[in-house]
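Structure first, commentary second.
Number of protein chains: 2
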Amino acid sequence: MSQILHLPPARGAVDADDFKALFRHHPAGVAVVTLRGHGGPVGFTATSVISVSAEPPVLAFSVAATSSSRPALEEAGTVVVNFLAEDQRDVAARFATSGIDRFAAGDWHPLPTGEPVLEGATAWVRGRIEERVPVGDSLLLTARAVRVGHGHRREPLVYVNRGYHRLGEHSRLT
Amino acid sequence: MSQILHLPPARGAVDADDFKALFRHHPAGVAVVTLRGHGGPVGFTATSVISVSAEPPVLAFSVAATSSSRPALEEAGTVVVNFLAEDQRDVAARFATSGIDRFAAGDWHPLPTGEPVLEGATAWVRGRIEERVPVGDSLLLTARAVRVGHGHRREPLVYVNRGYHRLGEHSRLT
Chain W
46 MSQILHLPPA RGAVDADDFK ALFRHHPAGV AVVTLRGHGG PVGFTATSVI SVSAEPPVLA
106 FSVAATSSSR PALEEAGTVV VNFLAEDQRD VAARFATSGI DRFAAGDWHP LPTGEPVLEG
166 ATAWVRGRIE ERVPVGDSLL LTARAVRVGH GHRREPLVYV NRGYHRLGEH SRLT
Chain Y
46 MSQILHLPPA RGAVDADDFK ALFRHHPAGV AVVTLRGHGG PVGFTATSVI SVSAEPPVLA
106 FSVAATSSSR PALEEAGTVV VNFLAEDQRD VAARFATSGI DRFAAGDWHP LPTGEPVLEG
166 ATAWVRGRIE ERVPVGDSLL LTARAVRVGH GHRREPLVYV NRGYHRLGEH SRLT
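Keeping their order, the protein sequence lines are chains W and Y. Here this note's numbering runs 45 ahead of the position in the first sequence, where the first position is 1. Here this note's numbering runs 45 ahead of the position in the second sequence, where the first position is 1.
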């Protein structure tokens, strides 16, 4: 006869909800990663973009298994990371929404190499994907920067605790 | 007879200074990564800590070749990531300063497993290092969370453009 045992989490285990809560309070700049997919442009909002090395110039970001962009990312050779400005909350939300055409608004143009660049971003960088490290069902990717572009100089968009923030003199610690 | 040629950067090359400037304007929460070294506690300020996967709970961060913590990180099996609060600018600066005893202030205690936990952090997570990905001279590491701790609830510290910022209602976009 079987018996259902309600065991405590294994020693050394951290609950997924606890882990998410931890990072929910860790602020991050907001980017949209775009690429050229087989069926058209692909893109998703990412708060996980970091610089890994300046020489050579390499960045990293992660993507969840559940992301609709994941299949395209598995095949793409290059991506563009668009760094969002404080007036682009709507863009951040749109590129995090499922089941819509995220590019329908038309506020982008393709590079000669096909990757979309979003209008209004503070800056963007085109990168050649170098490493794909599977982490559970997620993927950690590194990309070597091959081209950089700049938009109008504006304050960056920050995301923390499910809300957007604007940095500037009002937030500076002096 | 040899001749020195002043060539333009190779097509597809991004200058290290341009790349650094790009990420200087990308905001990030501030953490101090600590570990148990052979000669005592080791730690360094990191603005590159990201969540990669919640299930299993895995984070990532990078460390430069020039970091004095690099040798200890090559050997360590575990680290603690301490998330800094808005009143810990001095801690962030101290753990980014070379040639000093970063732990002399005594504002920390060791876990039973030896890694230092900093007093006053908003939260911390102990992680078992899983992957070490060499990227140029830098190292990209992943760590699986095995224990989480919480401090007093305070606003997080944010770093951008060589300055520290505090988030709160004053910075929130509504």
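Just so you know, even glycine gets a beta-carbon here, dropped at the ideal spot from N, CA and C.
GLU214 of chain W carries a coil assignment under DSSP once its states are collapsed to helix, strand and coil. Counting only runs of at least 3 residues, the stretch 156 to 215 of chain W fully encloses the following beta strand (DSSP E) elements, listed from N- to C-terminal order: 161 to 163, 168 to 180, 183 to 195, 202 to 205 and 208 to 211. A contact is defined here as three or more CB-CB pairs under 8 Å, and the stretch 60 to 68 of chain Y fails this definition with respect to the stretch 181 to 193 of chain Y. For ARG211 of chain Y, a Cβ of chain W is located within less than 8 Å of the residue's own Cβ. Between the C-alpha atoms of SER107 of chain W and ILE174 of chain W there is a straight-line separation of about 12 Å. GLY84 of chain Y has its alpha-carbon roughly 42 Å from the corresponding atom of THR90 of chain W.
Rounded to whole angstroms, VAL87 of chain Y and ARG81 of chain Y show a C-alpha spacing of 6 Å. Residues of chain Y with a Cβ closer than 9 Å to the Cβ of VAL94 of chain W are, in chain order, PHE68, HIS71 and ILE95. Per the coordinates, the alpha-carbon of HIS71 of chain Y lies some 28 Å from the alpha-carbon of ILE145 of chain Y. Contact between THR79 of chain W and VAL125 of chain W holds: their C-beta atoms lie close to 5 Å from each other, under 8 Å. At a cut-off of 8 Å between beta carbons, THR158 of chain Y makes no contact with chain W.
One thing to note: VAL77 of chain Y has its Cβ within 8 Å of the Cβ of PHE140 of chain Y. In the structure shown, PRO102 of chain Y falls within a strand segment according to DSSP collapsed to helix, strand and coil.
If you look at PHE64 of chain W, you'll find it in the alpha helix (DSSP H) that goes 61 to 69. Distance from the Cα of PRO201 of chain W is smallest, within the candidate group W:ALA168, W:THR123, W:GLU160 and W:GLU120, for W:ALA168. Membership of ARG81 of chain Y in the beta strand (DSSP E) is indicated by the continuous run 76 to 82. Inclusion of HIS215 of chain Y and HIS197 of chain W in the CB contact set at 8 Å is not warranted, their separation being larger than that value. Cα atoms of LEU218 of chain W and ARG199 of chain Y: separation of roughly 15 Å, rounded to the nearest angstrom. The DSSP-derived three-state label of PRO72 of chain Y is coil. Going by C-alpha positions, ALA105 of chain W is about 5 Å away from ILE95 of chain W. In this structure, the beta-carbon distance from THR123 of chain W to GLU176 of chain W does not fall below 8 Å.
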